[in-house]
Amino acid sequence: MSSALLEDLRARGLIFQMAGEAELPAWLDGGVRTLYCGFDPTADSLHIGSLVPLLMLRRFQLAGHRPLALVGGATGLIGDPSFKAQERQLNTPDVVAGWVDKIKNQVSRFIDFDAGESSAEVVNNLDWTAEMDVLTFLRDIGKHFSVNAMIQKESVKQRIEREGSGISYTEFTYMILQSFDFAELYKRHSCTLQLGGSDQWGNITGGIDLTRRLHGGQVFGLTMPLITKADGTKFGKTESGTVWLDPARTSPYAFYQFWLNCADDDVYRFLRYFTFLDVAEIAEVERADAERAGRPEAQAILAREVTRLVHGEEGLAAAQRITEALFSGSLDGLSADDFGQLRLDGLPASTLSRGELPETLTHMFSEAGLAASGKQVKDALGRNAVTVNNRVVGWDENAAVATCFAPEHALYGSYYLVKLGKKKYHLFEIA
RNA sequence: GGAGGGGUUCCCGAGUGGCCAAAGGGAUCAGACUGUAAAUCUGACGCGCGAGCUUCGGUGGUUCGAAUCCACCCCCCUCCA
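Just remember that this note's numbering sits 1406 ahead of the position in the first sequence, which is counted from 1.
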């Protein structure tokens, strides 16, 4: 039954490497197994880079196993050097502790805590490292690690070999801390499988070795592939930066748009990675898209599914309302209440009074976040890329803010929907 | 502690007294083409509507003029002790 899980994961392209590949299928089939994946608090929210591992925990849970989400209250204080080009800035303990709480919360949305034998649990590695003293650590844990082997790990190689960078002892020790986590979870929870991104391979195998040495137990490892994009740019970034899971940082609307804008060359792969849709079903979507000319269905399905997973039905509905309002072409169908709703749904918006309008559009729009600088607004104005309630506004009107936002141009007396470029919208409410 | 190398605009990386707001590439933004794609082409890309203003690790100095020269300081890397 669980080897079926592995089959599905393989079909989705979600398996990059396995440690203990020969025994793992039988082991999973043999009963409810406990597995874990770690999430280090490097900010107050996770971003979509953590989505694959999070969904992976859920996939295992749905297959009857018991997932532990480890929040790295300890490892987050150290910093994982794996494949990082540079030493990281340390964050203060109280800051990290605050992030741990937020991330615990976030992680909890993806796994079920009330599922009988396979009920999930959130653990924090600070619980078993905080009180450990240095000498115990060095004698009981450190002794099992060979520096010779550690410096051979691919994940730290560039830090050791590359001219112009280096690695502190602190970060170098990260691998040992994470290895200790695995051994400890094995002891405490009989946890026998660790999941992670492919960059975690070195840390995972370290944990497997340590568990064997410390407790004589056989445990397993599984890594997921790095998510890449066909055009070679980094996955998970948009013009406005990282795509976060926290709706306060990335609105459900922006989140939905991110997936909707997914490239054709990536979208079917992403459907397999990021949704629970059946592989066969996804193949069917791909086939249908290929047959039909024009715009594929896949992006809409992907956006819908992932937004629902992360932001729930309500978040999805809000995102779809805004999308529908903005991209259907005409604003005529919108009522005054609809504008209010769009604001609530997370459409970027601001309120100004007629008396305090800025002197220039460049100032007004860059302030509102429609563009990074006045120069960009100027460029857009010069190319007729800006509209106010669908009326094109040009560079010659830059200083005529009051005219552009005159009452006769308003919708319902006070609403102005400004579009810059093809996709950037901002609602101004002018009282 | 010693010797050497280095810190340039978001990133990589040129620049070693004026022609430098600083080559080139990447990323990003806008336009055309489209499907709110991709590829391609065009323009922008420190800030400012503009006059102009502020940058090249930091602080002082030399000079008519400094990212470029000098002094001191901070940080990083390599090797030696």
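We put the CB at the ideal spot given by N, CA and C, even for glycine.
Inter-residue CB distance, residue i and residue j (contact presumed, cutoff 8 Å)
{"i": "Y1822", "j": "V1794", "result": "5 Å"}
{"i": "F1680", "j": "L1461", "result": "7 Å"}
{"i": "L1591", "j": "L1430", "result": "Incorrect: roughly 17 Å between the Cβ atoms, too far for contact."}
{"i": "I1836", "j": "L1722", "result": "Actually they are not in contact, since the Cβ atoms of I1836 and L1722 sit about 30 Å apart, beyond 8 Å."}
{"i": "A1791", "j": "L1753", "result": "Contact doesn't hold; Cβ gap of about 19 Å is too wide."}
{"i": "H1595", "j": "T1440", "result": "5 Å"}
{"i": "F1578", "j": "P1487", "result": "7 Å"}
{"i": "A1526", "j": "R1472", "result": "7 Å"}
{"i": "L1651", "j": "H1453", "result": "6 Å"}
{"i": "S1772", "j": "G1780", "result": "5 Å"}
{"i": "V1502", "j": "P1459", "result": "Not quite, the Cβ-Cβ distance comes to about 20 Å (not below 8 Å), so this is no contact."}
{"i": "T1713", "j": "F1641", "result": "That belief does not hold up - the Cβ atoms of T1713 and F1641 are roughly 17 Å apart, past 8 Å."}
{"i": "N1531", "j": "D1587", "result": "5 Å"}
{"i": "A1731", "j": "L1748", "result": "6 Å"}
{"i": "A1774", "j": "S1756", "result": "6 Å"}
Beta-carbon spacing of residue i, residue j below 9 Å
{"i": "I1509", "j": "V1529", "result": "no"}
{"i": "S1524", "j": "V1438", "result": "yes"}
{"i": "A1709", "j": "D1751", "result": "no"}
{"i": "T1629", "j": "G1603", "result": "yes"}
{"i": "A1669", "j": "K1643", "result": "no"}
{"i": "L1583", "j": "T1656", "result": "no"}
{"i": "G1627", "j": "L1601", "result": "yes"}
{"i": "F1466", "j": "L1411", "result": "yes"}
{"i": "A1742", "j": "T1766", "result": "no"}
{"i": "N1609", "j": "Y1575", "result": "no"}
{"i": "F1516", "j": "L1463", "result": "yes"}
{"i": "A1704", "j": "E1687", "result": "no"}
{"i": "S1585", "j": "F1551", "result": "yes"}
{"i": "A1491", "j": "R1545", "result": "no"}
{"i": "W1607", "j": "E1567", "result": "no"}
{"i": "L1763", "j": "E1711", "result": "no"}
{"i": "A1428", "j": "S1409", "result": "no"}
{"i": "M1770", "j": "V1807", "result": "yes"}
{"i": "L1616", "j": "A1589", "result": "yes"}
{"i": "L1683", "j": "I1707", "result": "yes"}
{"i": "V1685", "j": "D1414", "result": "yes"}
{"i": "G1485", "j": "V1506", "result": "no"}
Exposure label - residue i; buried when at least 16 CB within 10 Å
{"i": "M1407", "result": "Low local confidence applies: a pLDDT of 45 at M1407 is under 50, so the model's placement there is unreliable, and no value is given."}
{"i": "F1733", "result": "exposed"}
{"i": "A1480", "result": "buried"}
{"i": "E1663", "result": "A quick correction: the sequence has Gln, not Glu, at residue 1663. Its Cβ being crowded by 16 or more others within 10 Å, Q1663 is buried."}
{"i": "G1819", "result": "exposed"}
{"i": "H1621", "result": "exposed"}
{"i": "D1637", "result": "exposed"}
{"i": "T1809", "result": "exposed"}
{"i": "G1444", "result": "buried"}
{"i": "P1658", "result": "buried"}
{"i": "G1436", "result": "exposed"}
{"i": "G1613", "result": "buried"}
{"i": "S1736", "result": "exposed"}
{"i": "L1852", "result": "Outside the displayed span of the chain (1407 to 1837) sits residue 1852, for which this structure offers no information."}
{"i": "Q1512", "result": "buried"}
{"i": "V1824", "result": "buried"}
{"i": "Y1831", "result": "buried"}
{"i": "L1541", "result": "exposed"}
{"i": "F1834", "result": "buried"}
{"i": "K1829", "result": "exposed"}
{"i": "A1469", "result": "buried"}
Residues sharing a beta bridge with residue i, DSSP
{"i": "K1643", "result": "T1648"}
{"i": "A1774", "result": "DSSP output for A1774 lists no bridge partner at all."}
{"i": "L1616", "result": "Beta-bridge pairing links L1616 to no other residue."}
{"i": "G1718", "result": "Looking at the DSSP assignment, G1718 forms no beta bridge with any residue, so it has no partner."}
{"i": "T1757", "result": "E1835"}
{"i": "V1673", "result": "Note: V1673 sits in no beta bridge, so no partner."}
{"i": "G1444", "result": "L1476"}
{"i": "A1425", "result": "G1627"}
{"i": "Q1600", "result": "Y1442 and G1627"}
{"i": "L1792", "result": "According to the sequence displayed, residue 1792 carries Val and not Leu. Paired residue(s): V1799 and L1826."}
{"i": "H1453", "result": "W1650"}
{"i": "Y1821", "result": "L1817 and E1835"}
Length-filtered (4 minimum) alpha helix (DSSP H) runs lying within the region 1468–1548
1481–1484, 1499–1514 and 1532–1535
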